[in-house]
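Input: a single structure, listed below in structure tokens.
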Amino acid sequence: MNDPAPKDPDFDARVRESFARQGLMETLGASLVRVAPGRVEIALATSSAVSQQHGFVHAGALASIADSAAGYAALTLMPPGAGVLTAEFKINLMAPGVGERMVARGRVIKAGRTLTLAQADVFAIHEGREKQIALLTATLMAVEGREGVSS
Numbered sequence: 101m102n103d104p105a106p107k108d109p110d111f112d113a114r115v116r117e118s119f120a121r122q123g124l125m126e127t128l129g130a131s132l133v134r135v136a137p138g139r140v141e142i143a144l145a146t147s148s149a150v151s152q153q154h155g156f157v158h159a160g161a162l163a164s165i166a167d168s169a170a171g172y173a174a175l176t177l178m179p180p181g182a183g184v185l186t187a188e189f190k191i192n193l194m195a196p197g198v199g200e201r202m203v204a205r206g207r208v209i210k211a212g213r214t215l216t217l218a219q220a221d222v223f224a225i226h227e228g229r230e231k232q233i234a235l236l237t238a239t240l241m242a243v244e245g246r247e248g249v250s251s
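Whatever position you read off the sequence shown (first residue = 1), add 100 for this note's numbering.
Listed below in structure tokens is the structure:
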């Protein structure tokens, strides 16, 4: 998507405030690294709290940061007051989550009035090198006028 135009001039603050209210991101220890129109980056430090039985970062943790990165990328282009909900996602896990940090980079592919298609690339950062380990594709829905679902 080329030069997406945010409908909300306060999209950055809106995304950051919403992210701060996400209990799962706090539980995982994830942090919001970058917010730009149509793009969001979320990082996750590797720890035993997010590992699976073989010591890799658990696919559930990877899917969670990827889903949030795609969802917040979509939210950056939605109108003021709209909330975002994931309608569906698919994740391809391409390699184990091994490294000091995992990074999910969400980007909008096509923003519509109600539905937005977004992707998130997930990278493992190990000894300063990035390796893509997952790809998530999601359909996100703009929700307006529904109590409890807004930015």
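Just so you know, even glycine gets a beta-carbon here, dropped at the ideal spot from N, CA and C.
Considered as a whole, the region 141-224 harbours 183-193, 201-211 as its complete beta strand (DSSP E) runs of no fewer than 3 residues, in chain order.
Fully enclosed beta strand (DSSP E) runs of no fewer than 3 residues occupy 130-136 of the region 118-144, in order along the chain.
In the same chain as alanine 182, and ignoring 5 residues on each side of it, the C-beta atoms closer than 6 Å to its own belong to Ala242, Glu244, in chain order. If you look at arginine 229, you'll find it in the beta strand (DSSP E) that goes 229-243. Inclusion of valine 184 and leucine 128 in the CB contact set at 7 Å is not warranted, their separation being larger than that value. Under the 8 Å Cβ criterion, the region 129-137 does not count as touching the region 186-194, having fewer than three qualifying pairs.
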